[in-house]
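J.: In my numbering, the protein residues as written are 131 to 244.
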């Protein structure tokens, strides 16, 4: 069979044992918790959530948090989402327009302390 990604199913092509995949892994990767999107053909959470978790967790720390105010070339706004893999931020401008901007181009107004 073929997975949602268009590749042969992991369980058929190379997996010899299944590693546990948790809802926490999906949440931390900003994956919609819609069972249709987060589950494979077998009904379990997608195996790739486990493969990508460590990398995504590491990259996530480099991006500002949702809710932080930033300044972009298009104006001031608030972060309403993030794409960790692309290293971009979804920003809602003061005009209510949403844009996607590279993290490197955003200036945080009041950085949060770790």
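Beta carbons are placed, not taken as given, at the ideal position from N, Cα and C, and that holds for glycine.
Applying the 10 Å Cβ sphere with the 16-neighbour rule, what's the burial state of residue 163?
T.: exposed
J.: Three or more C-beta pairs under 8 Å: does that hold for the segment 222–238 against the segment 188–207?
T.: yes
J.: Which of the three DSSP states, helix, strand or coil, is assigned to residue 190?
T.: Under the three-state reduction of DSSP output, residue 190 falls in the helix class.
J.: Judging by CA-CA distance, which residue of 187, 137, 218 and 236 is the nearest neighbour of residue 170?
T.: 137
J.: Just to confirm the assignment, what range does the alpha helix (DSSP H) spanning residue 167 have?
T.: 165–168
J.: How is the beta strand (DSSP E) around residue 153 delimited, first residue to last?
T.: Note, residue 153: premise wrong, no beta strand (DSSP E); alpha helix (DSSP H) at 153–158.
J.: Residue 228 bridges to which residues according to DSSP?
T.: Residue 228 is bridged to 222.
J.: Alpha carbons only, please: which of 150, 155 and 149 is nearest the one belonging to residue 184?
T.: 155
J.: Rounded to whole angstroms, what is the Cα-Cα separation between residue 193 and residue 240?
T.: About 14 Å.
J.: Where does residue 147 sit, in a helix, a strand or coil, going by DSSP?
T.: coil
J.: Please go through the same chain and pick out, in chain order, the residues whose beta-carbon is closer than 6 Å to the beta-carbon of residue 186, but skip the five residues on each side of it.
T.: 159 and 214
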